[in-house]
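Chemist: My questions all concern the structure below.
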Amino acid sequence: MLDMMAKVIDDLSEKDVTFADIRQEFHASTQIMVVNGDLRRFSRATKGGTVVRALVGECWGMASTSETLSAEICRNLLTDAVKSAKANAKFSRKKLDFSEIKPIEKTIWQESKINPAQVSTEEKLDFVMALDKGQKTDDRIVNTNSVYNDAKRVYRLVNTAGSRLEWDELRTLAVVQPIARQGDKMHFDYDVKGGRVGYELIQQIDPDLFGAECSKGAIELLSAEKPPSGNMTVVVDGAISGLIAHEVCGHASEADEVVKGRSFLTGQVGKQLGTEHVTMVDDGTLKDVSGSFPFDSEGTPASRTMIIENGVFKGYLHTLETAILMGVNPTGNGRAQDYNRRIFARMTNTFFDKGHWKDDEIIADTKEGLYVIKAMSGMEDVVGGGVQCSALKGYIIKNGEATKLVRSMSLAGKVIDILKTVDAVGDELEFWGGTCGKGEEDFLSVSSGGPHMRAKMVVGGG
Amino acid sequence: MKIDDIAEKTVSLAEKSGATQAEVYAVTVKTSSIYIDDGIPKIGGSMIEAGIGLKCIIGKQIGFTSSTLAQETPTDVVERAKALAKASNADPKFESLPDPKKASGSLDKFHDKETALADSELLMDKAMEVVKAASSNNVTVPNGSLRASSIHYHINNSLGVNTGSQGTLIFGFFTAKSEDNRNVGEGVQRCWSREIGAIDFGKIGEKLRAQALSVLKAKPFKQKWDDAVAILTPSEGSEIMYQLVAFAVSGENVNKRSSPWSDKMGEKVASENLTIYDNGLSEKGLLSSIVDDEGVPTQKTPILEHGVLQSYLFDSYNAYQVDMQPTGNGIRRTPRELAGRFSIAAVCAGTTMEIKPSSKSVEDLISEIKRGVYIEHFAYPLVDSMSGAFSNEVRNARIIRNGELGDQIKYALWVGNLFDSIKGDLQVANNLEVHDKKIVPSIAFPKTELVGQ
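Protein chains in written order, with our numbering: chain A, 1 to 462; chain B, 463 to 915.
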């Protein structure tokens, strides 16, 4: 198939087209969902598709199909992509020079200790049933939800620079979400374990413990109080520091937002943005973590990019195009959700790096404040540099001790102000895998993470 | 092969293979798109995707699988679904797939030819109308996207369901950046419709520019108001109301006891000013269709009438468990993303949430408020659907004092509990707008807090 795709690209004779690529994808996933002890969903989904891109001036055309791939279909897609690129190029202000892109010929198949495809369905079902049973620890747990998912994607890519690539990505995931109810009060808790790994991840989970711990969290939330609101000292866990890294510094470091001057981090390389405790990295090469991959959707190898080092802003996350525009090397951050969606600059595994404090030392060193844990969601503010991160729960810190449990809150502030108040960073990193959207869509696998971290932020509790 | 033939053939294959019941959802989606980047059309795209989702049932054992059929045959898909069903535990709650029922109207009732034929060049022209109208000396349009999609789906099952629907939708998302010597600001506008001809793109650009410029005047809010009324524009209010209400009235959540309204049928759960319908036949609804994604005829279902809970929403799985009839709420499609939905079995979900408007204008609502805030844009509006708690960062808003709009503000958190707020003196305006799965006017939410930074 790769030879056929390469021949179509090699035969391209359009003079105006300065770069083109063809990417073929095949996705297969298994999902098992158990609700209240009953198997609610057992599914196996497959889909395949091909997308062709062509560049004219500074404008792209893109065409995709789910039809069975043949040389004729490839050629038709290329014709459609060129037509769209030429139409857009009426507005083009410059020509992009992709001639320096180095070709790569490589095949990389992911090695996992236990391939999920070799594990019996009975074993997977037993695991999810056990996860669900593990949550049913108390009569106040009125609803248990348990999910297992494995997903494999196979990619083939050729481009006019001469790259010929084949690779795959395999990810596995387990989720529990118990819901506790007492009178009119209802609260949930959740926990997730996932990564770019095989079934060995699942075999390391104790389903009773995993479920029971989460149910304990949901029951405790029934008696949690409303958190205080206002500007205060906040200690966040690694999931929330990761969310802050991802939503604010991460999205604003995506170079497509920089080359057009939309990001508040435009022109900040070399400037001191935070205290010396702040170091932030995007690393698509980390072993076993959800946001890792061998090549991005343009065929650039994943890499480690230093975004902030000891408080000084260092650099951006690049596609082929933004790297050319800014005169640097591409960083392997050109990613697309799938063959139906565009490629643009996206994160991989984004995190604040660890410091020297023990987590309990940070709490003990805090006279008054809020210890916030369990990230829920966040939203970027690339233009203004604001933060919105919501969390499931936290504890009021008084005289160096985590005391009363509080629930449901958002953290806000200007990230530049927050980073300048970071004065303690923990010595343990944790990563949370999930999906990330950009501009409200285009979801793909990433992880974010970090250590415990202390800073001043605005808290609002609902 | 046509999708209705594929659906019929695959159901027949599944039955011959031993399925006691089978259901196929076959779909074709065509999408044209344009992405605006730094004020120019950066990427023009065309996409076509076809696929099937097959539910294979053996007794009470259910297997679901899906495929684009690019690398396998319907027989392969049937064999996989059968293997999944055989490996499954029996689901004691499963009763049956839905029976055939006659839907009213033709399958193309909600299909607009002009939208279906829109290619990326037409979209480029429309998107550039937005850019042109929004741009000025200190306003640029760094980002935008405009997509036109058409969908044709067909459902066939062993009980005789043999039906489908066609639809179209257009979605646009644009941001504008404003800048003066001291500040930067951002405007965000979305547009949703089933018909491209119904959208005034120049007007969207003008609104985008005005919004971006107004943010430049915003000052950080530094106070803490414990009891403020917040008027939310339709784009923001619709989102939090849908998150709360759609979760609470989902038959699935009611059956599994995760709905806060699971035992409140007939009770007053909100202000008498709040009347809400789920309308699968909504004239402007983006998911409007003559049948849902299980082939059940769609309908207009009252959810709340003057604050009193009237009905839950049911797909067939959840309806039959409690001896009810499905309400046409077995849904796979979403207005944001029509592609890839064949790979998901139908779930119990809303079609179009319609909130009944009042006769009051937004200005009337503002004039009745002593102290409050008029919020145009959050970072992203979110509410905890179980507890009702919310805490959202305000990105663009104006203070309301003594019935009049005052200063533009930013950097504030809007905080409260939505279940409590909607039971209070909630007010609804008359300016209905379509946003995603909702047709909603501006709403004034009482008993909330505004926390400054």
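Cβ atoms here follow ideal geometry from the backbone N, Cα and C, with glycine treated the same way.
Between which two residues does the beta strand (DSSP E) holding GLN651 (chain B) run?
Modeler: Counting along the chain, the beta strand (DSSP E) containing GLN651 (chain B) begins and ends at 646-655.
Chemist: Which residue marks the beginning of the beta strand (DSSP E) containing GLU169 (chain A), and which one marks its end?
Modeler: From DSSP, the beta strand (DSSP E) with GLU169 (chain A) extends over 164-176.
Chemist: Tell me which residues share the same chain as HIS251 (chain A) and place their Cβ nearer than 6 Å to its Cβ, disregarding the 5 neighbours each side in the sequence.
Modeler: Correct list, in chain order: GLU380, VAL382.
Chemist: Using 9 Å as the limit for Cβ to Cβ distance, is VAL142 (chain A) near chain B?
Modeler: By this cut-off, VAL142 (chain A) is an interface position.
Chemist: Tell me which residue opens and which closes the beta strand (DSSP E) that CYS249 (chain A) is part of.
Modeler: CYS249 (chain A) -> no beta strand (DSSP E), and no H or E assigned at all.
Chemist: Could you round the C-beta distance between SER611 (chain B) and LYS492 (chain B) to whole angstroms and report it? I think they count as a contact, below 8 Å.
Modeler: Their Cβ separation, rounded to whole angstroms, is 7 Å, which keeps SER611 (chain B) and LYS492 (chain B) in contact under 8 Å.
Chemist: Tell me which residues of the region 43-58 of chain A have at least one Cβ-Cβ distance to chain B shorter than 9 Å, keeping chain order.
Modeler: So the list reads SER43, ARG44, ALA45, THR46, LYS47, GLY48, GLY49, THR50, VAL51, ARG53, GLU58, given in the order they occur along the chain.
Chemist: Go to PRO536 (chain B), then tell me how far its alpha helix (DSSP H) extends in each direction, as first and last residue.
Modeler: Unbroken alpha helix (DSSP H) run through PRO536 (chain B): 536-549.
Chemist: What in chain A is Cβ-close to PRO722 (chain B), meaning under 7 Å?
Modeler: Residues of chain A passing the Cβ test: MET186.
Chemist: Taking any Cβ of chain A, which residues in the region 701-726 of chain B have a Cβ under 8 Å from it, in chain order?
Modeler: If the cut-off is 8 Å between Cβ atoms, the region 701-726 of chain B has LYS718, ARG719, SER720, PRO722 near chain A.
Chemist: With DSSP run on the structure shown, which of helix, strand or coil describes ALA336 (chain A)?
Modeler: It is coil, neither helix nor strand.
Chemist: Tell me the DSSP secondary structure of THR144 (chain A) in three-state form.
Modeler: Three-state result, THR144 (chain A): coil.
Chemist: What in chain A is Cβ-close to SER508 (chain B), meaning under 8 Å?
Modeler: Going along chain A in sequence order, the residues near SER508 (chain B) (Cβ under 8 Å) are MET62, ALA63, SER64, ASP80, SER84.
Chemist: Whose Cβ in chain A lies nearer than 8 Å to the Cβ of GLN533 (chain B)?
Modeler: PHE26, THR46, GLY48, THR68, listed in chain order.
Chemist: Identify every residue that forms a DSSP beta bridge with ASN854 (chain B).
Modeler: DSSP output for ASN854 (chain B) lists B:TRP876 as bridge partner(s).
Chemist: Is the Cβ-Cβ distance between GLU485 (chain B) and ASN599 (chain B) less than 9 Å?
Modeler: Result no, Cβ atoms of GLU485 (chain B) and ASN599 (chain B) do not sit closer than 9 Å.
Chemist: Might you give, ordered along the chain, the residues of its own chain that have their beta carbon closer than 6 Å to the beta carbon of GLU756 (chain B), omitting 5 neighbours on each side?
Modeler: Within the same chain, GLU756 (chain B) has close Cβ partners PRO560, SER778, GLY792, ALA808.
Chemist: To the nearest angstrom, report how far apart ILE514 (chain B) and GLU534 (chain B) are at their CA atoms.
Modeler: The alpha-carbon atoms of ILE514 (chain B) and GLU534 (chain B) are separated by roughly 12 Å.
Chemist: Pull out every residue of the region 666-687 of chain B whose Cβ sits closer than 7 Å to any Cβ of chain A, in chain order.
Modeler: So the close ones are LYS686.
Chemist: With contact counted as at least three CB pairs below 8 Å, one residue from each stretch, are the region 71-90 of chain A and the region 492-511 of chain B in contact?
Modeler: Because the criterion of three Cβ pairs below 8 Å is met, the region 71-90 of chain A and the region 492-511 of chain B touch.
Chemist: What are the start and end residues of the alpha helix (DSSP H) that includes ASN76 (chain A)?
Modeler: Its alpha helix (DSSP H) spans residues 71-88.
Chemist: For SER528 (chain B), does the three-state DSSP call read helix, strand or coil?
Modeler: Strand.
Chemist: Residues in the region 817-842 of chain B with C-beta within 7 Å of chain A's C-beta atoms, listed in sequence order?
Modeler: Taking 7 Å as the Cβ-Cβ cut-off against chain A, the residues of the region 817-842 of chain B that qualify are ALA841, TYR842.
Chemist: Per DSSP, what are the beta-bridge partners of VAL387 (chain A) in this structure?
Modeler: In the DSSP output, where bridge partners are listed per residue, VAL387 (chain A) has A:GLY413.
Chemist: Of all the alpha helix (DSSP H) runs that stay within the bounds of the region 543-594 of chain B, which reach a length of 4 or more residues?
Modeler: The qualifying runs are 575-579.
Chemist: Of the residues A:GLU58, A:VAL52, A:ILE179, which one's Cα is nearest the Cα of LEU77 (chain A)?
Modeler: It is A:VAL52 whose Cα lies nearest to the Cα of LEU77 (chain A).
Chemist: Identify each residue in the region 162-190 of chain A for which the Cβ-Cβ distance to at least one residue of chain B is less than 8 Å, and report them in chain order.
Modeler: Result list: ILE179, ARG181, ASP184, LYS185, MET186, HIS187, PHE188.
Chemist: At which residue ranges does the region 590-628 of chain B contain complete beta strand (DSSP E) runs of 3 or more residues, listed in the order of the chain?
Modeler: Runs found: 601-619.
Chemist: So which residues of chain A does VAL646 (chain B) contact, with C-beta pairs closer than 7 Å?
Modeler: Within chain A, the residues near VAL646 (chain B) are VAL383, GLY384.
Chemist: Name the chain A residues whose beta carbon is nearer than 8 Å to that of MET848 (chain B)?
Modeler: Those within 8 Å of MET848 (chain B) in chain A are ILE179, MET186, HIS187, PHE188.
Chemist: Consider the Cβ of MET586 (chain B): report whether some Cβ of chain A lies at a distance smaller than 9 Å.
Modeler: So yes, MET586 (chain B) belongs to the interface.
Chemist: Please classify ASP423 (chain A): does DSSP put it in a helix, a strand, or coil?
Modeler: The answer is coil: DSSP assigns ASP423 (chain A) none of H, G, I, E or B.
Chemist: Cβ of ARG93 (chain A) less than 9 Å from any chain B Cβ?
Modeler: It does; some Cβ of chain B falls within 9 Å.
Chemist: Looking at chain B, is there any beta carbon in it that lies within less than 9 Å of the beta carbon of ASN329 (chain A)?
Modeler: It does not: the Cβ of ASN329 (chain A) has no partner Cβ on chain B nearer than 9 Å.
Chemist: In whole angstroms, what separates the C-alpha of ASP887 (chain B) from that of PHE907 (chain B)?
Modeler: One C-alpha to the other measures close to 8 Å.
Chemist: Just to confirm, are VAL387 (chain A) and VAL278 (chain A) a CB contact at a threshold of 9 Å?
Modeler: Not a contact, by the Cβ cut-off of 9 Å.
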